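Novice:
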Amino acid sequence: MLLRSTFSRIPKFHFLNHFCSIANVNTILLDSEAAISPSKLKPFSSENKAAEKVNVISYMINCCGLSPEIAISTSEKVHFDSPERPDAVLNFLAENGFSKSQIAEIVRKRPSILLSDPEKTLLPKIEFFLQWTGVAKADVLRTIARDPTFLTRSVENQLIPIYNYLKDIIGAEKVATLVRRGSWIFNRTFAKRVIPNVDFLRALGIPNSFIALVLFNFPEAIGQKHDQFREIVAEVKEMGFDPLKSTFVLALHARSGEGNKVLWAHCYETYTKWGWSKDDIYMAFKKHPHCMLLSEKKISGVLSFLATKMGCESRMIARHPHLLFYSLEKRIIPRCSVVHLLSLKGLVRKDKSLNTILCPAEKKFLDMFVTKYAEEAPQLYDIYKGKAVVSEV
Numbered sequence: 001m002l003l004r005s006t007f008s009r010i011p012k013f014h015f016l017n018h019f020c021s022i023a024n025v026n027t028i029l030l031d032s033e034a035a036i037s038p039s040k041l042k043p044f045s046s047e048n049k050a051a052e053k054v055n056v057i058s059y060m061i062n063c064c065g066l067s068p069e070i071a072i073s074t075s076e077k078v079h080f081d082s083p084e085r086p087d088a089v090l091n092f093l094a095e096n097g098f099s100k101s102q103i104a105e106i107v108r109k110r111p112s113i114l115l116s117d118p119e120k121t122l123l124p125k126i127e128f129f130l131q132w133t134g135v136a137k138a139d140v141l142r143t144i145a146r147d148p149t150f151l152t153r154s155v156e157n158q159l160i161p162i163y164n165y166l167k168d169i170i171g172a173e174k175v176a177t178l179v180r181r182g183s184w185i186f187n188r189t190f191a192k193r194v195i196p197n198v199d200f201l202r203a204l205g206i207p208n209s210f211i212a213l214v215l216f217n218f219p220e221a222i223g224q225k226h227d228q229f230r231e232i233v234a235e236v237k238e239m240g241f242d243p244l245k246s247t248f249v250l251a252l253h254a255r256s257g258e259g260n261k262v263l264w265a266h267c268y269e270t271y272t273k274w275g276w277s278k279d280d281i282y283m284a285f286k287k288h289p290h291c292m293l294l295s296e297k298k299i300s301g302v303l304s305f306l307a308t309k310m311g312c313e314s315r316m317i318a319r320h321p322h323l324l325f326y327s328l329e330k331r332i333i334p335r336c337s338v339v340h341l342l343s344l345k346g347l348v349r350k351d352k353s354l355n356t357i358l359c360p361a362e363k364k365f366l367d368m369f370v371t372k373y374a375e376e377a378p379q380l381y382d383i384y385k386g387k388a389v390v391s392e393v
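Just so we're aligned: 38 in this note's numbering is position 38 of the sequence shown, and the numbers increase by one with no gaps anywhere.
1. Should the stretch 110-121 be called in touch with the stretch 65-79, which here means at least 3 C-beta pairs below 8 Å?
2. So Phe-210 is in the alpha helix (DSSP H); what residue range does that whole segment cover?
3. Arg-230 by DSSP, collapsed to three states: which one?
4. Distance, Cα to Cα, Thr-272 vs Glu-362?
5. With DSSP collapsed to three states, give me the class of Asn-96.
6. Hey, how far is the Cα of Arg-315 from the Cα of Lys-100?
7. When the distance is taken between beta carbons, is Met-368 closer than 8 Å to Pro-378?
8. How would you write the range of the alpha helix (DSSP H) that Val-269 sits in, first residue to last?
9. Measure the Cβ-Cβ separation of Ile-185 and Pro-219 and say whether it is below 8 Å.
10. Would you mind sorting Leu-380 into buried or exposed? The rule is 16 or more other CB atoms within 10 Å of its CB.
11. Pop quiz: Thr-270 and Gly-223 are said to be a contact at Cβ under 8 Å. What is the actual Cβ separation, rounded to whole angstroms?
12. In whole angstroms, what is the alpha-carbon distance linking Lys-192 and Leu-201?
13. Thinking C-beta only, is Leu-328 closer than 8 Å to Ile-317?
14. Give me the residue from Leu-252, Leu-250, Gly-275 and Ile-281 with the minimum Cα distance to Ala-265.
15. Pick out the complete alpha helix (DSSP H) segments inside the stretch 110-134, 4 residues or longer, and give them in chain order.
16. Take the Cβ of Cys-244 as the centre, count every other Cβ of all protein chains shown within 10 Å, and call the residue buried at 16 or more, exposed below.
17. Would you say Leu-303 and Trp-274 are within 8 Å of each other, going by their C-beta atoms?
18. Count Cβ pairs between the stretch 381-390 and the stretch 329-343 that sit closer than 8 Å; are there 3 or more?
19. Can you find the residues in the same chain that come closer than 7 Å, C-beta to C-beta, to Lys-345, ignoring five residues on each side of it along the sequence?
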């Protein structure tokens, strides 16, 4: 293999002569009270644990590029008497394209990597990502730097089986995207959580396309402990969601995880402040489950504009929650401003539905409300582009 043959030709520790010059041991202060000085740097074979720790700290700083503070904390997680193996690992990473900052990140996040066998342990993982996933090398390196636990996975027992399983459901291209994201879906809990949860959804008759939607877009939902997952599925079914519709898996995601539950509570409170009843909130949730994952700023911004500028009753939006997802600045304000001017001129009815105004694609909207009335209101396009406001016309 190309990587293997390349690595075998690398002069031993050729890279370390340069990389270890990041800092000078004589000048690095660990803190305001202590410094690493040559007199403190005893041989790595020393039996003195304090001296060994100092040596590891200095190695982390000089050869791995860590700051003194991080080097001290990292030194608690890895111990070595000789630099031979860490040198080989750093040399391997550098010669295979990792930058200094990426190497420092890998060591900071997973210091035990320094004790790995480069050819037996590290090389097979890199070869897997390059040869199986089709992800560009630069992306592979970034992914591994963000999550070096990839380098600790078994190729035969974990990476390949997980890759094949995912490919059968979401396709090779989307698996490659998950790799670029550094998705935790490749971690050790996959067989214990993801596979049983997928099997459970299949037993409910949920279409494969919806399962793929969850795996690709909301892996944190499908990666929950199986008992918790079953409880949330039961809750969503109790709310009346149909497993044969995509809203079922969207609701599943909205009710999964502590973070989403906190968002849910905040959204519920915000909608209540705008006069929505419990029935209004659950009606909106059933129509568009992710309306319970919006920020207070987003919800209040849209409802405030539609209520104060367009005269819409806030609760009416509960019947059309998809409107909350449109950009206030890029879509809602420009379009509503155009229609408002047209209504002032008597060219369109004042009670045009928001769906008619906000839902069409841009070209259709322009044809319906701007181009059509260009002679009667030549300022329309400037208003649409934000170069003029209705009050100026």
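Beta carbons are placed, not taken as given, at the ideal position from N, Cα and C, and that holds for glycine. As the structure is a computational prediction, the values presented were derived from the model and not from experiment.
Specialist: Quick answer:
1. Using a C-beta cut-off of 8 Å, the stretch 110-121 makes contact with the stretch 65-79, since at least three inter-stretch Cβ pairs fall below that distance.
2. As a first step, residue 210 must be located in the sequence shown, where it is residue number 210. Following the DSSP letters along the chain, one finds Phe-210 inside the alpha helix (DSSP H) bounded by residues 208-217.
3. In the sequence shown, the residue the question calls residue 230 occupies position 230. Three-state result, Arg-230: helix.
4. Position 272 of the sequence shown, counting from 1, holds the residue named residue 272. Position 362 of the sequence shown, counting from 1, holds the residue named residue 362. When rounded, the distance between both Cα atoms is 33 Å.
5. Along the sequence shown, read from residue 1 onward, the residue named residue 96 stands at position 96. It is coil, neither helix nor strand.
6. Stepping through the sequence shown from its first residue, residue 315 is reached at position 315. Stepping through the sequence shown from its first residue, residue 100 is reached at position 100. If I take the Cα positions, the gap works out to 55 Å.
7. One-based indexing of the sequence shown puts residue 378 at position 378. One-based indexing of the sequence shown puts residue 368 at position 368. Contact check for Pro-378 against Met-368 fails: the beta carbons are separated by 8 Å or more.
8. The residue given as residue 269 occupies position 269 in the sequence shown. The displayed chain sequence assigns Glu, not Val, to residue 269. Boundaries of the alpha helix (DSSP H) around Glu-269: 258-273.
9. Your numbering for residue 185 matches position 185 in the sequence shown. Your numbering for residue 219 matches position 219 in the sequence shown. In this structure, the beta-carbon distance from Ile-185 to Pro-219 falls below 8 Å.
10. In the sequence shown, the residue the question calls residue 380 occupies position 380. Burial call: buried.
11. Indexing the sequence shown from 1 puts residue 270 at position 270. Indexing the sequence shown from 1 puts residue 223 at position 223. Wrong, their Cβ atoms sit about 28 Å apart, outside the cutoff.
12. For this step, residue 192 is matched to residue 192 along the sequence shown. For this step, residue 201 is matched to residue 201 along the sequence shown. Taking C-alpha positions only, Lys-192 is separated from Leu-201 by approximately 15 Å.
13. Working through the sequence shown from its first residue, we reach residue 317 at position 317. Working through the sequence shown from its first residue, we reach residue 328 at position 328. No; because the gap between Cβ atoms is not below 8 Å, this pair is not in contact.
14. Here the question's residue 265 lines up with position 265 in the sequence shown. Ranking Leu-252, Leu-250, Gly-275 and Ile-281 by Cα distance to Ala-265 puts Ile-281 first.
15. Complete alpha helix (DSSP H) runs here, min 4: 123-132.
16. Mapped onto the sequence shown, residue 244 falls at position 244. The question names Cys, but residue 244 is Leu in the sequence shown. Flag for Leu-244 reads exposed.
17. Translated into positions along the sequence shown, residue 303 becomes position 303. Translated into positions along the sequence shown, residue 274 becomes position 274. Cβ distance < 8 Å, so Leu-303 and Trp-274 count as in contact.
18. Inter-segment contact for the stretch 381-390 and the stretch 329-343 is present: three or more beta-carbon pairs are separated by less than 8 Å.
19. Taking the first residue of the sequence shown as position 1, residue 345 is located at position 345. Within the same chain, Lys-345 has close Cβ partners Glu-376 and Ala-377.
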